[in-house]
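Going down the list, the sequences are from chains A and B.
Note that the numbering used here has the first sequence beginning at 34, numbered continuously upward.
Note that the numbering used here has the second sequence beginning at -13, numbered continuously upward.
Backbone N, C-alpha and C define an ideal beta-carbon position, used for all residues, glycine too.
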Amino acid sequence: MSIRAMMKPILTLVMAFGLGAAAVPPVSAQEPLQLTLRDGVIEALPFALPTFQAEVAGSEQMAADISRVVSEDLTSTGLFRQIPSSAFISTPAGFGSPVAFADWRAINAQALVTGAVAVNGSQVTVKFRLYDVFSGAEMGEGLQFAGTTDGWRRMAHKVADVVYSRITGEAGYFDSRVVFVAETGPKDNRAKRLAIMDYDGANVQYLTDSSAIVLAPRFSPTGDRVLYTSYESGFPRINVLDVATVGRQQLQTAQGDMAFSPRFSRDGRQVIYSLTNGGNTDIYRTDLATGQFTRLTNTPAIETAPSFSPDGSQIVFESDRSGTQQLYIMSANGGEPRRISFGNGRYGTPVWSPRGDLIAFTKQQDGRFHIGVMRTDGSEERLLTSSFLDEGPTWAPNGRVIMFARETQGADGTSALYSVDITGRNLRRVATPQGGSDPSWGPLQP
Amino acid sequence: MSIGTYLSGTGHAALVVWMVVGWGMDAEPLPFEITEVSVVSGEEFAALTQGVQPDQPVGTVPELEQPEIEVPEPPAPVVETPPEPVEPPAPIEAPTVEAPPEAPDLTVPDTVVADAPPDVPDTPTIVTPPPSAELGSSLRPVPRPAPRVAPEIVAQPEPDATIAPEVTEAATEQAETPAEDPAEPVEETTAPEAASDQIVTEAEEPAFAPEISTRPQTRPSRPAAVAEAPSEEAVDPVAAALAEAGAAETPTPTPTPTPGLSGGQLSEGDKSGFLRQIGNCWNTGTLSTGAQSTIIVMTFDMTPDGRPVTDSIRLGSFTGGTASDADAAFQTARRALIRCTGEGYDLPRDQYELWQRVELTVDPTAMRQR
């Protein structure tokens, strides 16, 4: 072997080492400091909302009204706290003027909403911007809404929805409506009518007269129809009401003595309800297009209050098949259900959350009524309210808030609507001109 | 025919004749009363029945005495309490039938959502004006120099209990390491330590209660079950000796770092202080349900004076939620980091290279609202 031949592998090794050394990155200056943040605070986020500016003469009142509704929407969530205008150091000179963030930081405003309103005849235009004060940057882009003066509240709700969504990261619920039973008169002679209102109790309009008792209205997923139980014929029957025309017709159900507790499927094509026949109450499903019905339960127990899961694959309902009133989940096509409530007391009126993660219910225990939530496997049960009579929960479109009916004790007791956050905080009474019960929260309007 | 028959027939015939003839009986009729009556016409009777009292009868009719009939008392019947008379139910007033409503005007307003920014102006230039001098001075007032109230150094009091000399000697003998020569303490010329850096009157006494309460910590996990020590009978002397020898060679275990405080060589106190400052501004109340279940890792650079470089704050990775949830969680953490900067985070300036770059894991699951 020649010297040259002997040197070749040595050179190869040297070159390989050289390349390898070149591939090794230089020693980093310093590894980053690694920390984990787990402890924080839970408090209302302070925001500033100077009255929207009137861009056109005569728009001042509309600008003030819209600003007020936006502020009320945000503060009503309990997640936000409005800084009073008396604390403002400066206000924006114009909608497009630069924002003096230091002035807003000084009063600890974490979010700033500026806006402008222009009214031209029956048309109104609202535009706004949202700022992160401490970052000194705008959160998202500015938006503009145009509509009629009659719909100014809806435009205010839409502004609040966007602000809420950009800060919390989840959809809002302000531009939505609620159908409920408006009640007048004493308990033993109470007149009940179907009514519809904004989520905050404004714009109440009646859908039926008080000639017949009506119960348990339920919005369709698109908000254009309402199912409800009517005693027009002397026996409970299910009606379908068109919200736009107030026209109604009786739902074709299976043969039975009483039909009640209806609810739409998520696609609006089917209705599940309870039917009593020969003293036995079971759950049925009717296809609205074909009129065909299917019996989903068949036991001697009383099974009622069915509610679809968001994906339509399952149904939660209440049953006393175990001897006490408990909650069960079964397939949307029926079958053997599984029990999910095991606590003390009686559970009823379950409603599946739009997010699909929780089930709201009414619980009666030790003479008190509660509104509560639990996970779909029955774990993490939380009671959110407690009173003489709380019942009939319904979910906000974003699954964050629950509305229900609360009745006070005594012969002169009244029924009113309340809302509460799923954390149990921020219990509020919904201001309605009359008493109310059986609320059903509709979807977010387009 | 016998004589008896003739006698019987004759006697019977005589009896019949006597009864027919009635010999020896009084024939006078029985006396009876006669009442005179008058005949009236129909008109007269009608007149009488219309209120005109008829004339009294001439004679007086004796009243007839009612015979007293003794009736045995019947047994007292068991009288059942009659039910309370049920008052007829008050007629239920039908509820006032209100006029059937007309179809409400539920038309959706013509709301147009424009994704584009408002036309006037399109995108305003955001200029941060310099803070006014008045504002700056009012925001962070310079604290007055605290008057020293430091007392004179007081001599250490005599110990209550004296240590026995035997114990002191024993302890000295057990000390294997010879005591190093005690270095003479460097007497620095310093001012006596102040008892307080400022005088606080009762009226100005600050409230020590936290204005914002943090959520309670989650229950610590149970410690791992300690294996039961074997009984003395079961101990193998050889194995015990080996174990003892091994234990002597086993290096002292390093303390397990506190979760959340690993990395770098910064002291644990500095790290926890840094986290506490950020946490005071980390508001999870506005987080969405999804964001509350999302753990994010964010990185950022720090300036030597303890301020985060805003432009360097970035979201690295996330787990447990959607991208939208992660962004919401990131924005909230980013706001907290910037908001609580103040005059700079309290970090050792002489160890800047240790915290020049920070990788912060933000875990809101412990803060999740249950």
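Helix, strand or coil for residue 357 (chain B) per DSSP? As shown, chain B starts at -13 and ends at 356. That puts residue 357 (chain B) outside it, with no answer to give.
Are the C-beta of residue 203 (chain A) and some C-beta of chain B separated by less than 8 Å? Residue 203 (chain A) sits at position 170 when you count from the first residue of the first sequence. For residue 203 (chain A), the nearest beta carbon of chain B is closer than 8 Å to its own beta carbon.
Can you confirm whether residue 314 (chain B), when its beta carbon is compared against all beta carbons of chain A, has any partner nearer than 8 Å? Here residue 314 (chain B) refers to the residue found at position 328 when the second sequence is read from its first residue. Closer than 8 Å: yes.
Amino acids of chain D, ordered along the chain, whose beta-carbon sits closer than 9 Å to that of residue 388 (chain A): In the structure shown, chain D does not exist; the protein chains are A and B.
Can we count residue 75 (chain A) as close to the ligand FMN, meaning its CB is less than 7 Å from some heavy atom? Looking for the ligand FMN in the displayed structure turns up nothing, as the structure carries no ligands at all.
For the putative contact between residue 396 (chain A) and residue 405 (chain A), defined by C-beta atoms under 8 Å, what is the C-beta separation to the nearest angstrom? Residue mapping note: residue 396 (chain A) aligns to position 363 of the first sequence, counting from 1. Residue mapping note: residue 405 (chain A) aligns to position 372 of the first sequence, counting from 1. Yes, they are in contact, since the Cβ atoms of residue 396 (chain A) and residue 405 (chain A) sit about 5 Å apart, within 8 Å.
Length of the line joining the Cα atoms of residue 461 (chain A) and residue 327 (chain A): Position 428 of the first sequence, counting from 1, holds the residue named residue 461 (chain A). Position 294 of the first sequence, counting from 1, holds the residue named residue 327 (chain A). Going from the Cα of residue 461 (chain A) to the Cα of residue 327 (chain A) covers about 40 Å.
Cα separation between residue 170 (chain A) and residue 414 (chain A)? Within the first sequence, the letter at position 137 stands for residue 170 (chain A). Within the first sequence, the letter at position 381 stands for residue 414 (chain A). In this structure, the alpha-carbon of residue 170 (chain A) lies about 41 Å from that of residue 414 (chain A).
Any alpha helix (DSSP H) of 4 or more consecutive residues that is wholly inside the stretch 84 to 120 of chain A: Considered as a whole, the stretch 84 to 120 of chain A harbours 93 to 109 as its complete alpha helix (DSSP H) runs of no fewer than 4 residues, in chain order.
Within chain A, the residues that residue 306 (chain B) reaches when beta carbons sit closer than 7 Å: The residue you call residue 306 (chain B) lines up with position 320 of the second sequence. Within 7 Å Cβ-Cβ: nothing; residue 306 (chain B) doesn't reach chain A, min ~13 Å.
Among A:338, A:353, A:367, which one has its Cα closest to the Cα of residue 347 (chain A)? As a first step, residue 347 (chain A) is located in the first sequence; it is residue number 314 there, counting from the start. Residue A:367 is the option with its Cα nearest to residue 347 (chain A).
Answer yes if the stretch 154 to 161 of chain A comes into contact with the stretch 69 to 76 of chain A, meaning at least three C-beta pairs across the two stretches below 8 Å, and no otherwise. The answer is no - the stretch 154 to 161 of chain A does not touch the stretch 69 to 76 of chain A, with fewer than three Cβ pairs under 8 Å.
Determine the direct distance from the alpha carbon of residue 266 (chain B) to that of residue 325 (chain B), and round the result to whole angstroms. Start at 1 with the first residue of the second sequence, and residue 325 (chain B) comes out as number 339. Start at 1 with the first residue of the second sequence, and residue 266 (chain B) comes out as number 280. Their backbone Cα atoms lie some 10 Å apart in a straight line.
Tell me whether residue 146 (chain A) is buried or exposed, calling it buried when 16 or more other Cβ atoms sit within 10 Å of its Cβ. Here the question's residue 146 (chain A) lines up with position 113 in the first sequence. Classification of residue 146 (chain A): buried, given that the 10 Å Cβ count is 16 or more.
Taking the alpha-carbon of residue 435 (chain A) as reference, which of A:188, A:385, A:117, A:365 has the nearest alpha-carbon? Within the first sequence, the letter at position 402 stands for residue 435 (chain A). Of A:188, A:385, A:117, A:365, the residue nearest in Cα terms is A:385.
Inter-residue Cα distance where the pair is residue 360 (chain A) and residue 93 (chain A): As a working note, residue 360 (chain A) is residue 327 in the first sequence. As a working note, residue 93 (chain A) is residue 60 in the first sequence. One C-alpha to the other measures close to 53 Å.
Using Cβ-Cβ distances below 9 Å, what residues of the stretch 338 to 349 of chain B are close to chain A? Against chain A - using a Cβ distance shorter than 9 Å - the residues of the stretch 338 to 349 of chain B are 339, 340, 341, 342, 343, 344, 345, 346, 347, 348, 349.
Could you tell me which chain A residues have their CB closer than 7 Å to the CB of residue 321 (chain B), listed as they occur along the chain? Translated into positions along the second sequence, residue 321 (chain B) becomes position 335. By Cβ distance, chain A contributes 143, 165, 167, 168.
Just confirm the distance between the C-beta atoms of residue 142 (chain A) and residue 79 (chain A), as a whole number of angstroms; I'd bet it's less than 8 Å. As a first step, residue 142 (chain A) is located in the first sequence; it is residue number 109 there, counting from the start. As a first step, residue 79 (chain A) is located in the first sequence; it is residue number 46 there, counting from the start. The pair is a contact, with the Cβ atoms about 6 Å apart (cut-off 8 Å).
Determine the burial state of residue 31 (chain B): buried for a count of at least 16 other Cβ atoms within 10 Å of its Cβ, exposed for fewer. Taking the second sequence and counting its residues from 1, one reaches residue 31 (chain B) at position 45. By the neighbour-count criterion, in which a residue is buried when 16 or more other Cβ atoms sit within 10 angstroms of its Cβ, residue 31 (chain B) is exposed.
Under 9 Å, CB to CB, which of the residues in the stretch 67 to 80 of chain A have a partner in chain B? For the stretch 67 to 80 of chain A, which is checked against every Cβ of chain B, the residues closer than 9 Å are 67, 68, 69, 70, 71, 72, 73, 74, 75, 76, 77, 78.
Within 8 Å (strictly less), CB to CB, does residue 112 (chain A) reach chain B? As a first step, residue 112 (chain A) is located in the first sequence; it is residue number 79 there, counting from the start. It does: the Cβ of residue 112 (chain A) has a partner Cβ on chain B nearer than 8 Å.
Give the range of the alpha helix (DSSP H) segment to which residue 192 (chain A) is assigned. Reading the first sequence from its first residue, position 159 is the one you call residue 192 (chain A). Its alpha helix (DSSP H) spans residues 185 to 201.
Neighbour-count burial assignment, residue 314 (chain B), 16 or more Cβ in a 10 Å radius: Reading the second sequence from its first residue, position 328 is the one you call residue 314 (chain B). It counts as buried.
C-beta contact flag for residue 226 (chain A) and residue 243 (chain A) at 8 Å: Your numbering for residue 226 (chain A) matches position 193 in the first sequence. Your numbering for residue 243 (chain A) matches position 210 in the first sequence. Cβ distance < 8 Å, so residue 226 (chain A) and residue 243 (chain A) count as in contact.
For a cutoff of 8 Å on Cβ pairs, would you count residue 409 (chain B) as touching chain A? Residue 409 (chain B) is absent from the model: chain B starts at -13 and stops at 356.
Give me the subset of the stretch 422 to 447 of chain A whose CB atoms are less than 8 Å from a CB atom of chain B, sorted by chain position. Listed by position, the residues of the stretch 422 to 447 of chain A near chain B (Cβ gap below 8 Å) are 432, 433.
Residue 322 (chain B) to residue 136 (chain A) span [Cα, whole Å]: The residue given as residue 322 (chain B) occupies position 336 in the second sequence. The residue given as residue 136 (chain A) occupies position 103 in the first sequence. Rounded to whole angstroms, residue 322 (chain B) to residue 136 (chain A) spans 18 Å at the Cα level.
Say whether chain A places a C-beta atom closer than 8 Å to the C-beta of residue 311 (chain B). Counting from one through the second sequence, the residue named residue 311 (chain B) turns up at place 325. By the rule that beta-carbons nearer than 8 Å mark a contact, residue 311 (chain B) touches chain A.
Looking at C-alpha atoms only, which residue of A:292, A:369, A:298, A:252 is the closest neighbour of residue 263 (chain A)? Position 230 of the first sequence, counted from the first residue, corresponds to residue 263 (chain A). Of the listed residues, the one whose Cα sits closest to residue 263 (chain A) is A:292.
On a CA-only basis, which of B:280, B:299, B:318 is nearest residue 271 (chain B)? Give me that one, please. Counted from its first residue, the second sequence places residue 271 (chain B) at position 285. Ranking B:280, B:299, B:318 by Cα distance to residue 271 (chain B) puts B:318 first.
On a CA-only basis, which of A:401, A:338, A:443 is nearest residue 486 (chain A)? Give me that one, please. Here chain A has residues from 34 to 479 only, and residue 486 (chain A) is not among them.
Reference residue 288 (chain B); option with closest CA among B:254, B:327, B:274, B:308: In the second sequence, the residue the question calls residue 288 (chain B) occupies position 302. Among B:254, B:327, B:274, B:308, the Cα nearest to that of residue 288 (chain B) is on B:327.
Where residue 410 (chain A) and residue 336 (chain A) are concerned, what is the direct C-alpha to C-alpha distance, given to the nearest angstrom? On the first sequence, residue 410 (chain A) is found 377 positions in, with the first residue counted as 1. On the first sequence, residue 336 (chain A) is found 303 positions in, with the first residue counted as 1. Computed Cα separation, rounded: 19 Å.
Output the distance between the C-alpha atoms of residue 338 (chain A) and residue 207 (chain A), rounded to the nearest integer angstrom. Taking the first residue of the first sequence as position 1, residue 338 (chain A) is located at position 305. Taking the first residue of the first sequence as position 1, residue 207 (chain A) is located at position 174. Residue 338 (chain A) and residue 207 (chain A) have their alpha carbons spaced roughly 27 Å apart.
Candidates A:315, A:189, A:421, A:233: closest to residue 85 (chain A) by CA position: Locating residue 85 (chain A) in the first sequence gives position 52, counting from the first residue. Measuring from the Cα of residue 85 (chain A), the nearest candidate turns out to be A:189.
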